[in-house]
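In my numbering, the protein residues as written are 26 to 437.
All C-beta atoms in this analysis are idealised placements derived from N, C-alpha and C, irrespective of residue type, glycine included.
Contents: one structure, followed by commentary.
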Ligand SMILES: *Cc1c(COP(=O)(O)O)cnc(C)c1O
């Protein structure tokens, strides 16, 4: 390798050329903290607290019930419009509501109902557990079977018995990204419905859902979208399906005319039929602040920086941490990975805890992975360099062996 990479001046030169460097000021990140866990929970946008206070005190406090007619309903639509740009979708193809898990349930059932003569849902055995549980439940409800396959076998698992192909684009453990165009095409060639979970994709890929003709997608508001803990999630539905979608959680706000209070359900035209209940106004305000951290930046800029940050981290790990047994398990081809790099080590848990004590925040995924997320809006190349430097300290001084780092917390 080129040894100049091993000097901090290399990171500094990359930071001087970084067209997104200015975006870090959009966040309140504790000083001295190197935050590499934005793939689990994005940091606080700097204007979020003020915006929430305004909605609580001025709107909830003074407007009370009239708030529903003074912008609270529109808040959900405005957030969806901002999100649509990040998904490469049309604004009328996106809603924000519920959690990713709940949205996947609605979407999986609606997708399967479009193919009543088919009996199988295809997914991968390494999918996020919540997705697997939800797909199993949707299948049980509809009398379908879930065909759970090795991620390398997805294409060969799609045949003319398949109603729905439901895949998580970026693997939460390894950061490996599936071929969205190829799998979507294969699903469509077999006349199946394609559902993508974009929990680890939205905000770090140059997504083009409309152009690829993706049928349905769900994703998470609190990871790279910076919407705050438990933020509303999203649903994308291609407009060509809107009038045929029948989702199972038929609440009043997905009704054509909620305030007619009719006894029978009549779905709203368009994507709003995927909504079930009342929008969480405070949480949507925070999500909107999170989405605004993406204003004035383009998806190609974000994607290019995500690839550059993770490339740089991998180069430094190979040079400086591989001697301590830390092994990169994420794909080495940047096109094939998200904005995350995972390192394998038998003591990954303790290593992550020891790094946190040195102000480098990553996380651990069982059984043996240390995960580091490189959100392009606020992680600098200097952060990457410094994080590796701290990991070298953790390893070289065997700090991870200190007993306090072996204590397991409830949430890893
Ligand atoms: C984070 C994540 C979720 C989270 O679901 P919630 O309903 O918000 O708890 C779901 N699926 C995937 C693939 C995720 O990464």
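Here the alpha carbon of residue 157 sits roughly 15 angstroms from the alpha carbon of residue 223.
Here the distance from the Cβ of residue 197 to the nearest heavy atom of ligand 1 is below 7 angstroms. Take the alpha-carbon of residue 285 and the one of residue 185: they are about 42 angstroms apart.
Taking C-beta separations shorter than 7 angstroms and ignoring five residues to either side along the sequence, the partners of residue 278 in its chain run 300, 301, 302, 303, following chain order. Around the beta-carbon of residue 370, 16 or more other beta-carbon atoms lie within 10 Å, marking it buried. The beta-carbon distance between residue 437 and residue 80, rounded to whole angstroms, is 33 angstroms. This is too long to meet the 8 angstroms contact definition. Residue pairing by DSSP places residue 365 opposite 398 in a beta bridge.
For residue 149, the number of other beta carbons within 10 angstroms of its own is at least 16, and it is reported as buried. Rounded to the nearest angstrom, the gap between the Cα atoms of residue 331 and residue 435 is 30 angstroms.
Beyond the five residues adjoining it in sequence on each side, residue 348 comes within less than 6 angstroms, by CB distance, of no other residue in the same chain.
Shown here, residue 79 sits in a helix according to DSSP, grouped into three states.
Secondary structure at residue 262: strand, using DSSP grouped into helix, strand and coil. For residue 138 and residue 200, the gap between their C-alpha atoms comes out near 31 angstroms. The alpha-carbon of residue 131 is positioned some 29 angstroms away from that of residue 361.
Looking at the DSSP output, residue 221 shares a beta bridge with 192, 242. For residue 216 and residue 141, the gap between their C-alpha atoms comes out near 12 angstroms. Distance from the C-beta of residue 280 to the nearest heavy atom of ligand 1 is not below 7 angstroms.
Between residue 315 and residue 252 a beta carbon distance of about 4 angstroms is seen, short of the 8 angstroms cut, so the two are scored as contacting. A contact between stretches requires three or more CB pairs, one per stretch, nearer than 8 angstroms, and the region 405-417 meets this requirement with the region 30-50. Exposed is the label assigned to residue 426, since fewer than 16 other Cβ atoms lie within 10 Å of its Cβ. In chain order, the residues that have a beta carbon nearer than 6 angstroms to some heavy atom of ligand 1 are 124, 125, 126, 153, 155, 156, 193, 197, 222, 224, 225, 245, 258.
Under DSSP, residue 409 shares a beta bridge with no residue.
By alpha-carbon distance to residue 287, the top candidate from 297, 275, 295 is 275. Residue 69 is bridged by DSSP to 53. Judged by their CB atoms, residue 264 and residue 106 are not nearer to each other than the 8 angstroms cut-off. Each residue's CA atom was taken as its position, placing residue 355 and residue 272 some 36 angstroms apart.
Non-local C-beta neighbours of residue 283 in its own chain, meaning closer than 8 angstroms and more than five positions away in sequence, comprise 277, ordered along the chain.
A direct Cα-Cα distance of roughly 14 angstroms separates residue 60 from residue 50. Excluding the 5 residues flanking it on each side, residue 195 has same chain C-beta neighbours closer than 6 angstroms at 202, 225, 226, 363, in chain order.
In the DSSP annotation of this structure, the continuous segment of the beta strand (DSSP E) that includes residue 388 starts and ends at 388-390. C-alpha of residue 246 to C-alpha of residue 135: approximately 22 angstroms in a straight line. With a 10 Å radius around the Cβ and a threshold of 16 neighbouring Cβ atoms, residue 319 comes out buried. The straight-line gap separating the alpha-carbon atoms of residue 262 and residue 336 is approximately 33 angstroms. Look at residue 374 here: in three-state DSSP terms it is helix.
Counted as a single uninterrupted DSSP element, the alpha helix (DSSP H) harbouring residue 328 occupies residues 324-345. Secondary structure note for residue 146: it is in no alpha helix (DSSP H), and the uninterrupted beta strand (DSSP E) holding it is 145-149.
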